Amino acid sequence: MACEPNRVRLLCMLSLTFGFFIVEVVVSRITSSLSMLSDSFHMLSDVIALVVALVAVRFAEKTQATNKNTFGWIRAEVMGALVNAVFLTALCFTIVLEAIERFTEPHEIDSPEVVAGVGAAGLLINLLGLCLFHGHAGGGHGHSHGGHSHGSKNKRSKAGKSQKAGNGSSGEETNNLVGNHNSPGETRPRNEINCKDSAEVQMNGNTHFDEMDHEHDSSSQLNMRGVFLHVLGDALGSVIVVVNALVLIFVWQPCKAGEMCVNPCINTHTTDHKHTAGPCWVLYLDPTLCLIMVCILLYTTYPLLKESALILLQTVPKQINMHRVNERLLSLDGVLAIHELHIWQLAGSRIIATAHIKCHDPTSYMEVAKRIKDFFHDEGIHATTIQPEFVTFNSESRDSLCELSCRTQCAPKLCCGSADKPNADKKAGSDSKAAASALEVISETSEQAAAVQVRPRADAEVTVAREVESSL
Amino acid sequence: MLPLSIKDDEYKPAKFNLLVKLSGWFRSILADKTSRNLFFFLCLNLSFAFVELMYGIWSNSLGLISDSFHMFFDCTALLAGLAASVISRWRSNDSFSYGYVRAEVLAGFVNGLFLIFTAFFIFSEGVERALEPPDVHHERLLPVSVAGLLVNLVGIFVFQHGGHGHSHGEGGHGHSHSLFNGSLNHGHRHGHSHDGHGHGHEHSHGGHGHSHEEPHCHGKSLTQSIPICGHHKHNSDQQSDVCVLLHIIADTLGSIGVIISALLMQKYELMIADPICSMLIALLIGVSVVPLLKESIGILMQRTPPSLDQALPECYQRVQQLQGVYNLQEPHFWTLCTDVYIGTLKLLVAPDADTRWILSQTHNIFTQAGVRQLYVQIDTAAM
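The listed protein sequences derive, respectively, from chains A and E.
Here our numbering is used: the first residue of the first sequence is 83, the next is one more, and so on.
Here our numbering is used: the first residue of the second sequence is 3, the next is one more, and so on.
Below is the structure:
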């Protein structure tokens, strides 16, 4: 199972790091070295990051839908990645603060040998962690699927083998994103499914998955990337500690006890005592290296932060081009117009799409629905909810306006919608507004009444422009 | 093939674009009351931080310098809230089909995380200080901490929900500002005291709070969806009063804690009081952030909106009683941002059912429950 190695790795690293934290605290008490204590707190923050990742993995295994979380807990991994990225950023800030303090007031370490030893041990543990997590987080599993391009190498959309199954017919479309949560009245036993079963259930009920270990691909990769970056930061920190201690041992000439000497780096006045403490640049090495490390960390953390934030912001996934999807949907037979098309990513490769599709009448709808589902399957989107709308015969070809959108008083309350302006072109008995159209791109290439389309589209666009502007 | 049109508005110089963008952002910020306040306090905070930094460099006091950096750290939280309030007003486009409204929820979440991190940091510093007590100059501590408490109380009355009192041992000046959380209307308070570094510089933050009025998402607040701590109009006034009282108590506890520790240090030379106070206050911050985090996590995890928890089963029943509907499957309801709910569901209907009627009835039912954007998929049962 794919989840198991993750968990095992995380637990292993967690126990190692926690043990090392205890060791560092003990050593710092023995040598009464404050810097070791603060370093041990860095280790503690590492432990916390691992715990967060572990919790996220644990939650994300519960992909069974519950009453409150109808999508299951899959998003937990994206959240875990975000939390780790934010913690890492905050940690970088505090390191910058400490480094600047050290610049203004450098002080030397008391017993550099002990520090070097402990630092080397920490480095070993962190290198081990890097090896553990690098293999999983760096490489990307998954396979491409004909017809669409991929964004980054970590986000491969899993199209599954639905092409073989072929018929995304609405009869089969108890398409389960998460488990079988059929009707809200029933109480389902919420047993934990292990990875294999959950994945099978999720992907259209198709069962022939050999690549099942890659099921938790992108979302868990995101999570593991967060952990990897944290461990990387720690490893760099240990490197700095070791380098600093070594330089201090070999280059620095401290004041020997009993002799009268001053440390010229700390006291600003010049002296001409015979014995002065060693070269001053040594004391400034530590903060400088810390600043460099912070730059490296921030540079590597930023993509992770951006990616997880974009998923949580309900962005259209990178590999999907809304314009093209719109066009191709409109080119399907029987589709007159599309409203409120929203495509967003739940986590990893689970993409969800919703739309209102306008078609002629209920009898032709089933065929159209089947084609639409197939189309979405081709794009790699398996959880779709398509609402049909039918042409009311007292409306002219105002295909651009949504029949079932909210009534007039809701318009100002639609999220990101337009202000409550009376619509210039009133549909007979219709309640819709260009509020719906403010939310998405409307393109109409319907064959019928092409000439008539030009005018309503221009009107729609004008009202869109006006209303969007007024909403700002 | 010759180009039919030349778009030269893409070739504007970058600087011009940047200025236009910046001025656009300013206008957007100043347009709305909340973000105006937020911006004002951000400027205030930044200016104080700069003043402190300059004074610290000039007088070569490490404590002041480090404290100014901590204030800068606080400013980032304010900045996040401000950025969120600007971003969430941008229009939707191809990549963001729902627009950017979720930015506020995300900013609230990130702010909560920063607060937890700050609490953790203060706690660790407290532990360090407890093990190795530095020399604390506590002569001016007591009046300063009392000033911090007063500032906090002023903040309560002025801003209704938020006040972040800030007082410093050396500078001896106090000021208050409130930290606005971009997504949540939370009266949210906690205090923390914060030690200086090895120079006996003692300063305390009393009453760090934030609140935010959410204009776009209907002006209602997220906390209205939480039955426990709401400023919900339908809730009894008692409940919200208790909750606000709790917030106020938590905040003043922080300030009082600092005062007590200052007293202990001055009268009884009990140096251990200070780190203990810091640790307690760090715990207080941590605990008070938890509801904030739970809310935003719920939204970000696409959880069913808490305020609909009772209404939804009723709606399901009503839909299932419609003529021709066999079954309701896969309902998914989630919150996009404050008070905007989106739902999808699938209906299994008889082949001869009146689809149009079912659709409009279903929409009506759920609109009454408060879900404005609904996607109903009709699957005809094979007969």
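Each residue gets a CB set at the ideal place from its N, CA and C atoms; glycine is no exception.
None of these values were measured; they are calculated from a predicted model.
- Within chain E, D96, S97, S99 have C-beta atoms less than 8 angstroms from the C-beta of M404 (chain A), given in sequence order.
- Listed along chain E are T346, Y377, each with a C-beta nearer than 7 angstroms to that of T436 (chain A).
- With a 10 Å radius around the Cβ and a threshold of 16 neighbouring Cβ atoms, H438 (chain A) comes out buried.
- With contacts defined as CB atoms closer than 7 angstroms, F458 (chain A) and A435 (chain A) qualify as a contacting pair.
- In chain A, no part has a C-beta under 9 angstroms from the C-beta of P293 (chain E); the shortest such distance is about 17 angstroms.
- With a threshold of 16 other beta carbon atoms within 10 Å, W426 (chain A) meets it and is buried.
- At a C-beta separation below 7 angstroms, F123 (chain A) has these neighbours in chain E: S126.
- Where G300 (chain E) is concerned, the enclosing alpha helix (DSSP H) starts and stops at 275 to 302.
- Note on geometry: alpha-carbon atoms of M118 (chain A) and A82 (chain E) lie some 33 angstroms from one another.
- The continuous beta strand (DSSP E) containing R432 (chain A) extends over residues 432 to 441.
- Residue pairing of C377 (chain A) in beta bridges, as defined by DSSP: absent, with no partner found.
- W426 (chain A): member of the beta strand (DSSP E) spanning 419 to 429, first to last residue.
- Cβ-Cβ separation between Q379 (chain E) and T445 (chain A): approximately 17 angstroms, too far for a contact (criterion under 8 angstroms).
- Exposed is the label assigned to Y381 (chain A), since fewer than 16 other Cβ atoms lie within 10 Å of its Cβ.
- At a Cβ-Cβ threshold of 7 angstroms, I156 (chain A) and T145 (chain A) count as neighbours.
- Taking the Cβ atoms as the reference, N166 (chain A) lies roughly 12 angstroms from V129 (chain A), outside the contact range of under 8 angstroms.
- Scanning its chain for C-beta atoms nearer than 8 angstroms, with the 5 sequence neighbours on each side dropped, one finds around L32 (chain E) the residues R38, F41, in chain order.
- Judged by DSSP secondary structure, P333 (chain E) falls within the beta strand (DSSP E) whose first and last residues are 327 to 339.
- Cβ-Cβ distances below 8 angstroms link V88 (chain E) to W27, S30, I31, S37 in the same chain, with the five nearest sequence neighbours on each side left out; the list follows chain order.
- Chain-order list of chain E residues neighbouring N151 (chain A): M303, Q304, R305, T306, by C-beta distance under 8 angstroms.
- Contact annotation: in the stretch 381 to 398 of chain A, residues whose CB is within less than 8 angstroms of a CB in chain E are A391, L394, L395, Q396, T397, V398.
- D316 (chain A) counts as buried, since at least 16 other C-beta atoms from the protein chains shown sit within 10 angstroms of its C-beta.
- Here I207 (chain A) really is in contact with T99 (chain A); their C-beta atoms are around 7 angstroms apart, less than 8 angstroms.
- By the Cβ-count criterion, L311 (chain A) is buried, with 16 or more other Cβ atoms from all chains shown falling within 10 Å of its own Cβ.
- Identification of chain E residues near M161 (chain A) by a Cβ-Cβ cut-off of 8 angstroms yields I299, L302, M303, ordered along the chain.
- Pairing E409 (chain A) with K440 (chain A) gives a Cβ-Cβ distance that is not under 7 angstroms.
- For R131 (chain E), there are no neighbours in chain A by C-beta distance under 7 angstroms, as the nearest C-beta there is about 10 angstroms away.
- Here the stretch 316 to 329 of chain E makes contact with the stretch 344 to 364 of chain E; the two share three or more CB pairs at distances below 8 angstroms.
- Around L115 (chain E), the beta-carbon contacts reaching into chain A at under 9 angstroms are L164, V165, V168, F169, A172.
- In the three-state reduction of the DSSP assignment, Y100 (chain E) falls in the coil class.
- Around the C-beta of W60 (chain E), fewer than 16 other C-beta atoms lie within 10 Å, and the residue is accordingly described as exposed.
- In this structure M306 (chain A) is in contact with F215 (chain A), their Cβ atoms being roughly 6 angstroms apart against a cut-off of 8 angstroms.
- Less than 7 angstroms divides the Cβ of L96 (chain A) from the Cβ of L132 (chain A).
- Listed in chain order, the non-local C-beta contacts of G201 (chain A) below 7 angstroms within the same chain comprise S320, V323, V324, A327, local neighbours out to five positions each way being set aside.
- Scanning its chain for C-beta atoms nearer than 7 angstroms, with the 5 sequence neighbours on each side dropped, one finds no residue around F75 (chain E).
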